[in-house]
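Protein chains in written order, with my numbering: chain A, 1205 to 1506; chain B, 165 to 693. Every residue, glycine too, gets a C-beta built ideally from N, C-alpha and C. Presented below is the structure to which this report refers.
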Amino acid sequence: MTFEETRKKFGTLVALDRLSLQIPRGSVYGFIGPNGAGKTTAMRILVGISKPTSGTIKVFDADDVKDVRHLIGYLPEEKGLYKRMRVIDYIVYFGRLNGMRKKDAITKAKALLSEFQLLEWEKEKCQALSKGMGQKVQLMATLVHDPILMVLDEPFSGLDPVNVEVVRSIILNKVKENSTVILSTHIMEQAESLCDAVVLINKGKAVLEGPIDEIRKGDVVSVDHDGDVSVFDGLQGIVSVKQIGRAATLQVDPEFDLQTLLKTIFERTKVTQFNANSASLHEIFIREVGGSKASSETTADA
Amino acid sequence: MLNRLYSVWLIAQRDWLEATSTKMFWLGALLMPVITLILAIFGMFAATLIGTSVTVGSYYVVDHSDGLGLEIRNEILRTDITNFLNVISKRQPVSEDEEILTEIREATQTTALPDLVNTCMELLEHPQPDLTTITRDTLAGRFSIWWENNKDLIVELAPEVSFARYEEILTPNLTEQELISRLKREQILGYFIIPEGFINSNENAKFVTESILKQDLSNWYESFATRVIQNKKFAESDISRETALWLLQRASFQTSKAVEPPRDSAGRTSSTPVSAGDATKEVTVWETVGEFAPAVYQYILWFLVFIGATILMTNTVEEKSTKLVEVLLSDLDSVQLMDGKLLGSALTLLTVVGLWIFLISLPIILGSNVAVSFLPQVGEFLQSGALSSIFNPLFVINFVIFFILGFAFYGYSLSALGSVCSNIREAQMMATPINLVAIVPLILMVPIALDKSGTLPTIMSYIPPFTPFVMMNIVAEVAWTNYLLILVWMTACTLGVRWLAKKIYTKGILLENKPAGIKGLVRLVGGTN
Chain A
1205 MTFEETRKKF
1215 GTLVALDRLS
1225 LQIPRGSVYG
1235 FIGPNGAGKT
1245 TAMRILVGIS
1255 KPTSGTIKVF
1265 DADDVKDVRH
1275 LIGYLPEEKG
1285 LYKRMRVIDY
1295 IVYFGRLNGM
1305 RKKDAITKAK
1315 ALLSEFQLLE
1325 WEKEKCQALS
1335 KGMGQKVQLM
1345 ATLVHDPILM
1355 VLDEPFSGLD
1365 PVNVEVVRSI
1375 ILNKVKENST
1385 VILSTHIMEQ
1395 AESLCDAVVL
1405 INKGKAVLEG
1415 PIDEIRKGDV
1425 VSVDHDGDVS
1435 VFDGLQGIVS
1445 VKQIGRAATL
1455 QVDPEFDLQT
1465 LLKTIFERTK
1475 VTQFNANSAS
1485 LHEIFIREVG
1495 GSKASSETTA
1505 DA
Chain B
165 MLNRLYSVWL
175 IAQRDWLEAT
185 STKMFWLGAL
195 LMPVITLILA
205 IFGMFAATLI
215 GTSVTVGSYY
225 VVDHSDGLGL
235 EIRNEILRTD
245 ITNFLNVISK
255 RQPVSEDEEI
265 LTEIREATQT
275 TALPDLVNTC
285 MELLEHPQPD
295 LTTITRDTLA
305 GRFSIWWENN
315 KDLIVELAPE
325 VSFARYEEIL
335 TPNLTEQELI
345 SRLKREQILG
355 YFIIPEGFIN
365 SNENAKFVTE
375 SILKQDLSNW
385 YESFATRVIQ
395 NKKFAESDIS
405 RETALWLLQR
415 ASFQTSKAVE
425 PPRDSAGRTS
435 STPVSAGDAT
445 KEVTVWETVG
455 EFAPAVYQYI
465 LWFLVFIGAT
475 ILMTNTVEEK
485 STKLVEVLLS
495 DLDSVQLMDG
505 KLLGSALTLL
515 TVVGLWIFLI
525 SLPIILGSNV
535 AVSFLPQVGE
545 FLQSGALSSI
555 FNPLFVINFV
565 IFFILGFAFY
575 GYSLSALGSV
585 CSNIREAQMM
595 ATPINLVAIV
605 PLILMVPIAL
615 DKSGTLPTIM
625 SYIPPFTPFV
635 MMNIVAEVAW
645 TNYLLILVWM
655 TACTLGVRWL
665 AKKIYTKGIL
675 LENKPAGIKG
685 LVRLVGGTN
């Protein structure tokens, strides 16, 4: 899947601004970003619901998503059901819309209901389901035609921990079958533990993109010292500084030599404690999206 | 292509099944014919009740003339006896009939009716007949005694007799105060004052009543008074009753319909000049009813199109608000989705129509004899040929054609409007202009039906929002060339609306804010989705 300079405007609002991505097959790819960043717009373009204002999008090398629509399963963020339809009929209906024969769709729907532990609900109407069960049924309708690309917008929202694990295992199984899963999530721990790669979108732009390990590669250094935040002024290799009390958190350029930096800090202040770690996705998210701005009173850019 | 059509069919099938699998649907669909049936039965019962047990209104006559009041009373009696004898002479004998009725029926076969009436009048005419002096030796005598003693049965057999509705109070010399008192207590409907010299002047002739809007008693009594005065004037002028009737005869034309002229053995039609209108036949009441069939079709068409289009709009808003539409649009094109939903709604409406036709046809399916035994009017209706007027293939085929075009036109329009709204109230507000436009042909339905080839229907038939409804009403009067032109034009406009609706729907369905408004809709037509 490739986005090339993909741009989407709604009137004067730029929802996606020249987004360029390459999503490898057989991976779990995360779209992360704050509300209104453009994640859903990007997903809608990917599944063909929406068209880009400019730029291109290729899915399985097809220029028009419509040609490969039957290979895609899409789960939107807000999940609705046909309340008066029976659970099995609902799943079968979406299977048939994706070209399955009725008999095959029924067989697959029953297998999914069994896998999701909802087989005893197959004859019930959707209105009888709880929110979590409804969401599982939605996911089954997305999976019923065995898509090789699954686009899941906030798939874990509203699910209890047990069902989160069920969905996680489904996603991982699909990837084992060489399917691709693209998901958006607000829970950074989920993205960190599930995704092979992520793109962080903010205000329609890709702020960070790449494999999780590479994104996290930037070092974070915690320094407890006697001085104030001005100690770090003008130091090379520091991307940002946040200091609360005597504890400073430094975002360090991974390319910069850490030993040199430490030596300079020791020259400027009395250090009582020092730790060097990889940044968590949560920290990266906060940093990139504006967490530093939110705590501007105690933060200073290096 | 087949896959696309199959997806459209799946959408339609689901919507149809969901709509028709509820009790509410069947209750709603059955409600209209059932209510119609109940109203019809109630109407018939009410008519019977009115005919048999209506409260008889009383009146009084203050006669200052030279016995005109008495003559009017006798004219009313003569008319009642004539009407009753007419009914009995034409009535099929029934085993429970009293002997006198059989005698009367047999007598009317041999004796002229006026002679029998005259003989009876000699025995019954006012002032008050004395029954004790009437002999039972003659038929007129036996009938007169029976007449005086069986008023209820007479009303049942001939509901049009005067005493079924009105009764004159014969108490002599009631004072004005007493009459007004009776009026106030609603014991009488009113009283007539016949002045002296009424035969020459209406001056001072009055009908005094408390309910001035109820003129039926006054009109009824006036007609008899007029007849009596005319008879007197003819008598004074030495003009016989027969001559008088001849003089008073009104000119009238019988409304008839042209039929295929008779052909000779060689298959040629007669070339003789028009004489008595051999190639015509009398128009029955039911045939007149049948003439209004297109207007009824127009009404049903309008009703179905709007109910269907509104349901479609509501469904669109609901699916948008639940985000189900997003899942559907990841599997289908927006136009496929719109087509499928339109087809599903059309199938639902056709199911309703089919149910109605089945219920209406039930008497025919059951066999007309069974139906007629319950409702004699059904038999009259079936034999009248009105059925062929109503189910004329021209109307039925055009109903289907204009239903498809009209429903598509309004269905696509309202779907597009529904797609840009986030709740039903907003959608209803946005649909108001469309509804106002569409109601115009309904308001003009009767004027159009009365002048089908006039300028107004002709112009309206070319305006797409009006075309289906107006055409349904005037289709029998439209020339083939015009018909084809209108059909092509309407089809093109419907496809145009489909294209515009697709543009709006594709973008509108993803809008999350308040309605786009008219300017917003125009903006949605341009650009990408």
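Q | Residues within the region 165–176 of chain B neighbouring chain A, beta-carbon criterion of under 9 angstroms | A | Result list: N167, Y170, S171, L174 and I175.
(Q) Check this for me: beta carbons of A/S1275 and A/V1402, under 9 angstroms apart or not? (A) The amino acid at residue 1275 of chain A is misidentified as Ser; the sequence shows Leu. With a cutoff of 9 angstroms on beta-carbon distance, A/L1275 and A/V1402 are scored as not near each other.
Q | Own chain partners of B/K348 with C-beta closer than 8 angstroms, once the 5 adjacent residues on each side are dropped | A | Cβ-Cβ distances below 8 angstroms link B/K348 to E374 in the same chain, with the five nearest sequence neighbours on each side left out; the list follows chain order.
Q.
Quick check: the region 1296–1313 of chain A against the region 169–183 of chain B, are at least 3 beta-carbon pairs closer than 8 angstroms?
A. Because the criterion of three Cβ pairs below 8 angstroms is met, the region 169–183 of chain B and the region 1296–1313 of chain A touch.
**Q.** Which residues DSSP lists as bridging B/R346, in chain order
**A.** Assignment of beta-bridge partners to B/R346 by DSSP yields no partner.
Q | Inter-stretch contact at 8 angstroms, needing at least 3 Cβ pairs: the region 1210–1219 of chain A / the region 1362–1376 of chain A | A | Between the region 1210–1219 of chain A and the region 1362–1376 of chain A, the count of C-beta pairs closer than 8 angstroms stays below three; the two stretches do not touch.
Q. In chain A, which residues lie less than 7 angstroms from B/K187 when you measure between Cβ atoms?
A. Here the premise fails: no neighbours, minimum Cβ distance about 12 angstroms.
**Q.** Closer than 9 angstroms to chain A by CB, B/R687
**A.** Any Cβ of chain A closer than 9 angstroms to the Cβ of B/R687 would place that residue at the interface, and such an atom is present.
Q.
Classify B/I245: buried if its beta carbon has 16 or more other beta carbons within 10 angstroms, exposed otherwise.
A. Buried, because 16 or more other Cβ atoms sit within 10 Å of the Cβ of B/I245.
(Q) Going by DSSP, what residue range makes up the alpha helix (DSSP H) through B/Y385? (A) Start and end: D380 to E400.
Q: May I ask you to list, following chain order, the residues of the region 1234–1253 of chain A that have a beta carbon less than 8 angstroms from some beta carbon of chain B?
A: Residues are counted here when their Cβ sits less than 8 angstroms from a Cβ of chain B; for the region 1234–1253 of chain A these are R1248, V1251, G1252 and I1253, given in chain order.
Q | Beta-bridge partners of B/Y626, as assigned by DSSP | A | Residue pairing from DSSP leaves B/Y626 without any beta-bridge partner.
Q) When DSSP labels each residue in this structure, what does B/L334 get in the three-state scheme? A) Here B/L334 sits in coil by DSSP.
Q. For a contact meaning CB atoms closer than 9 angstroms, what does A/L1347 contact in chain B?
A. Scanning chain B for C-beta atoms nearer than 9 angstroms to the C-beta of A/L1347 yields nothing, as the closest lies near 12 angstroms away.
(Q) Measuring CB atoms only, is the region 606–621 of chain B touching the region 589–598 of chain B, in the sense that at least three cross pairs come out at less than 8 angstroms? (A) The answer is no - the region 589–598 of chain B does not touch the region 606–621 of chain B, with fewer than three Cβ pairs under 8 angstroms.
Q. Under three-state DSSP, which class holds A/G1234?
A. Three-state DSSP puts A/G1234 in a strand.
Q: Taking B/I464 as part of the beta strand (DSSP E), name the residues at either end of that continuous run.
A: Run containing B/I464: none in the beta strand (DSSP E); it sits in the alpha helix (DSSP H), A457 to S485.
Q.
For a test of the three-state rule: what should DSSP assign to B/S553, helix, strand or coil?
A. If DSSP states are grouped into helix, strand and coil, B/S553 belongs with the helices.
**Q.** Min CB distance A/K1307 to chain B below 9 angstroms
**A.** Not one chain B Cβ lies under 9 angstroms of A/K1307.
Q. Is the CB-CB distance between A/I1442 and A/M1247 below 9 angstroms?
A. A distance of 9 angstroms or more separates the beta carbons of A/I1442 and A/M1247.
**Q.** Backbone secondary structure at B/N562 - three-state DSSP
**A.** It is helical.
Q. For A/A1506 and chain B, any beta-carbon pair shorter than 9 angstroms?
A. Low per-residue confidence applies at A/A1506: pLDDT is 30, beneath 50, and the placement is therefore not dependable enough to give any value.
Q: Note down, in chain order, each residue of its chain lying with its Cβ closer than 6 angstroms to the Cβ of B/T283, except the 5 sequence neighbours on either side.
A: If we look at B/T283 and ignore the five residues flanking it on each side, its Cβ neighbours are A304.
**Q.** Whether A/D1400 touches A/L1279 by CB criterion (9 angstroms)
**A.** When the beta-carbon positions are compared, A/D1400 and A/L1279 stay at least 9 angstroms from each other.
Q.
Taking only three categories from DSSP, how would you classify A/L1486?
A. A small correction: the amino acid at residue 1486 of chain A is His; Leu does not occupy that position in the sequence shown. Three-state DSSP puts A/H1486 in a helix.
Q. At a cut of 8 angstroms, does the region 392–401 of chain B reach the region 329–346 of chain B through at least three beta carbon pairs?
A. By the Cβ test, the region 392–401 of chain B is not in contact with the region 329–346 of chain B, since fewer than three Cβ pairs between them sit closer than 8 angstroms.
Q.
Give me the chain A residues within the contact set of B/S553, using Cβ-Cβ distance strictly less than 7 angstroms, ordered along the chain.
A. Neighbours of B/S553 in chain A, taken as residues whose beta carbon is under 7 angstroms from its own, are absent, since the nearest beta carbon is some 42 angstroms off.
Q: Anything in the region 1327–1343 of chain A with a Cβ closer than 7 angstroms to a Cβ of chain B? List those residues in chain order, please.
A: Cβ contacts with chain B: none found.
Q: Check the DSSP bridge columns for A/F1207 and list the partner residues they point to.
A: A/L1225 and A/I1261.
Q) Any Cβ of chain B within less than 9 angstroms of the Cβ of A/I1276? A) Closer than 9 angstroms to some Cβ of chain B, the Cβ of A/I1276 qualifies, so yes.
Q. Just how far apart, CA to CA, sit B/M694 and B/I298?
A. A question about residue 694 of chain B goes unanswered here, because the residues of chain B that appear run from 165 up to 693.
Q. Quick one: what's got a C-beta closer than 7 angstroms to B/D503's C-beta in the same chain, skipping five residues either side?
A. Contacts found: V172.
Q.
Counting only C-beta atoms, is A/F1489 closer than 9 angstroms to chain B at any point?
A. No - not a single Cβ of chain B is within 9 angstroms of the one on A/F1489.
(Q) When you compare the CB positions of A/I1405 and A/K1262, do they come within less than 9 angstroms of one another, or not? (A) In this structure, A/I1405 sits away from A/K1262, with a CB-CB distance that is not shorter than 9 angstroms.
Q) Given that a residue counts as buried once 16 or more other Cβ atoms are within 10 Å of its Cβ, and exposed if not, what is B/V642? A) Buried is the call here.
Q: Would you list the one or two residues that DSSP bridges to A/G1414?
A: In the DSSP assignment, A/G1414 forms a beta bridge with A/V1402.
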